[in-house]
Every structure is written in C-alpha cells, then in structure tokens.
Amino acid sequence: MNRSFILILLVTLPLSGFAADPIPFESQLQLEGRVAFTEGPAWHPDGNVYFSDIANNRIMRRDVNGEIHVFRTPSGRTNGIVFDRQGRLLCCEGGGLDSNRRITRTELNGTITVLADRHRGGKFNSPNDLAIDSKGRIYFTDPRYGDRSDMQQRDTDDRSIEGVYRIDEVGKVARIITHEVDRPNGILVSPNDKYLYVADNVNDGPNALGGNRKLWQFDLNADGTIEPASRKLLFDWGTDRGPDGMAMDVEGRLYAAAGFNFPKPPIETANKHKAGIYVIAPKGGLLQFIPVPADMITNCTFGDTDRKTLYITAGHKLWSIRTSTPGVSVWPMND
11 MNRSFILILL
21 VTLPLSGFAA
31 DPIPFESQLQ
41 LEGRVAFTEG
51 PAWHPDGNVY
61 FSDIANNRIM
71 RRDVNGEIHV
81 FRTPSGRTNG
91 IVFDRQGRLL
101 CCEGGGLDSN
111 RRITRTELNG
121 TITVLADRHR
131 GGKFNSPNDL
141 AIDSKGRIYF
151 TDPRYGDRSD
161 MQQRDTDDRS
171 IEGVYRIDEV
181 GKVARIITHE
191 VDRPNGILVS
201 PNDKYLYVAD
211 NVNDGPNALG
221 GNRKLWQFDL
231 NADGTIEPAS
241 RKLLFDWGTD
251 RGPDGMAMDV
261 EGRLYAAAGF
271 NFPKPPIETA
281 NKHKAGIYVI
291 APKGGLLQFI
301 PVPADMITNC
311 TFGDTDRKTL
321 YITAGHKLWS
331 IRTSTPGVSV
341 WPMND
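For the sequence shown, the numbering used here assigns the number 11 to the initial residue and increments by one for each residue that follows.
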C-alpha cells in the first residue's frame, strides 16, 4: 500500500520534568489505512494493528506490509478493543437497539467468549471502551449515544445509568461508577493500578447543551472500586467535542483523542479545540497537541517494537506518528 505523508505543526507548551517533548518536532503524521468509521485501535507484537470499522460491522487488521485485511465480521459493531495479558482480543460490542451489547474475548483458537452482556438483569447501553489492570480485571464504559429509548440500566429513582463496570471473571460484573461521570467514554488504568481515568463526553441527548466534555482522574482501590470523592479534573474541552479514547506513555502522560475541525451547532460550538491528540500532564494541563486533519477523531494506542509509534483512529482512516517516549502496553508488558 502506498503511504501518504502529511506535514503537521506540533503545538507545544513549555515542559518541565520530562526528558523530551512527547512528539519530536520532525515527526510526520502518516496515513496507515482507510476504511469507513475507525475506532479501537490495538497493537499486536507480531506487527499487526487491529482496529474497528463500526460502520461496516467488522474488525480490521493492518499487517506489517501496510495491507488492510478483515479480521472479523460481523463484529457486533465493536468499538474499543485491547489485547489482554494472554494475547486475547477483548472487544466492546456496542451493537444496536436490537443487538447484543456485550464484552467479548476472542480466544487464541478464534472462538468467541462472552464475558458480560448484562448487569442485574438489564442489558448494557452500548459498551464503548475498556482497560485492564495489573490483576487482569477488565474495566469498561457503558454510555448511550443516539436513541435512548431502550436503556435498561436504571437506579432506584428510575434514572438511566451510563456507568463504568469491572469484570473480575466471566459473568462476574460490578458497577463501580453510577453517576460520578455523566457519560463515560474512553477509559484507562494507570500501570500501578493507582488511578482510573475516565473521559466524560456528553455531545448528544437531553443534556448535551452544557454537558461535560472533561477528563477525570479517580483514585483506584486495591479491590477495584474507586474513591468518588477523589475525582480530579485533568482537562476541560468546554463546549467543543470532548475526549474519546486514550493512551499513556511510561512517564504517565495521557494522550487523549478529542476536538473537531468544523463546528457542529448547537451542541459543539466553540471550535477552540481542534481535532487531534491532546497530551495531558500526569497532574493535569496540556503539554502538547497533535493536530489530525479528520473528523471525528476517536482513539489511539502505542505500538511497534519500541512502543514509540502512536496509532490514531480518526474519520475513516488509521494514522500513525512517532513519539519520543515509549507507551504503556498491557501485552506484552513493559520491561
């Protein structure tokens, strides 16, 4: 496949306490593949990059030669994906109104195991993104974008719940966030299991005007629960498109996919935060911005043998850019 190169201007803010800018000045954003509506992605140590093509209900694989293949179809309209510590692919199958909405695991022999598809008797809303802690427990977000008529997760006051859940083993699911986040999207666990990061992105529905477009940090307890009072704001996108998927480098910096290039009134209006990757300091605040010339930008992950390539899904394309610092990966684990 021919590779297209796009020169970009890296917007960098003063750094302190870090060896180098996260993205070298000479780095170029590179087009790696084109499908319909990309999400994911997840890097495999054999050199393949897997990513979701939601619109066409499939999971794609980009091989080491740059060729794009269909890995699985139908895929349950999979959104976020990640490899676990045994090299099995975990998927958030968002489905549709009449579809399964579940977390699945593709075993090494290709069979599909359903890890969770409901909580307390009710179907999930639309599993969106997931992360794994050092004990192998799975955390996933369950927002609902679009039609909200069949939401089955409700609290004791009959309010709809867009929650965050933890899977300890097949079929054993606990809700760890109920209303502490308005609409959880991207999710990440710090390598030491100290923090849980949740992207809060309300951009449609009854509360869209003035809704949260924020990145939160929570203290994560040893038992896999959070401390609600520990909630800390790391970055706020105001009335622009908020954060989606995230990745982290070994220095604890967060790489959040967010923003848009064209206003979408009346919900997303300010247009101060362009589409791209926002590099957020461990204690909050913007360090660097990587513009991406595509709406909508959805997710990112680190890959390659040195873990210094950031793969980005945006629009109907898979992109990549080289970084100065290796990223954190679940599998294979960082040295």
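We put the beta carbon where it would ideally sit given N, CA and C, even for glycine.
- Looking at the backbone, the Cα of Gly132 and that of Ser109 are separated by about 13 Å.
- Bounds of the beta strand (DSSP E) holding Phe228 are Arg223 to Leu230.
- Around the beta carbon of Phe35, a 10 Å sphere encloses fewer than 16 other beta carbons of the protein chains shown; the residue is thus reported as exposed.
- In this structure Leu140 does not touch Val302 by the C-beta definition: roughly 23 Å separates them, more than the 8 Å allowed.
- For Arg72, same chain residues with a beta-carbon under 7 Å away, outside a window of 5 residues either side, are Glu42, Gly43, Asn58, Val59, Ile78 and Leu328 in chain order.
- By the Cβ criterion, the segment 314-329 is not in contact with the segment 270-278, since fewer than three pairs of Cβ atoms, one from each stretch, lie closer than 8 Å.
- Burial check for Pro253: the Cβ neighbour count within 10 Å reaches 16 or more, so the residue is buried.
- His326 and Thr48 have their C-alpha atoms roughly 5 Å apart.
- Between the segment 171-190 and the segment 121-135 there are three or more C-beta pairs closer than 8 Å, enough to call the two in contact.
- The residue among Lys224, Leu125, Gly156 and Arg115 with its C-alpha nearest the C-alpha of Tyr175 is Leu125.
- Under DSSP, Thr323 takes part in a beta bridge, and its partners are Asn309 and Leu328.
- The C-beta of Val80 has fewer than 16 other C-beta atoms within 10 Å across all chains shown, which makes the residue exposed.
- Nearest to Ser144 by alpha-carbon distance, out of Met306, Leu206 and Asn67, is Leu206.
- The beta carbon of Pro32 is closer than 7 Å to those of Asp259, Arg263, Val289, Leu297, Gln298, Thr333, Ser334 and Thr335 in its chain, skipping five residues each way along the sequence.
- A direct Cα-Cα distance of roughly 22 Å separates Asp233 from Asn195.
- If you ignore the 5 residues before and after Asp192, its C-beta comes within less than 8 Å of the C-beta of Glu172, Asp210, Val212, Asn217, Gly221 and Asn222, all in its own chain and listed in chain order.
- Under the three-state reduction of DSSP output, Ile69 falls in the strand class.
- If you ignore the 5 residues before and after Gly97, its C-beta comes within less than 6 Å of the C-beta of Trp341, all in its own chain and listed in chain order.
- Residue pairing of Met258 in beta bridges, as defined by DSSP: Leu264.
- Boundaries of the beta strand (DSSP E) harbouring Pro51: Thr48 to Trp53, taken from the DSSP string.
- In the structure shown, Ile277 adopts coil according to DSSP, grouped into three states.
- DSSP lists Arg223 as the beta-bridge partner residues of Asn211.
- Under the DSSP assignment, Pro216 falls outside any beta strand (DSSP E); it carries neither an H nor an E label.
- Collapsing the DSSP output to three states places Ile33 in coil.
- Contact check for Ala257 against Gly337 passes: the beta carbons are separated by less than 8 Å.
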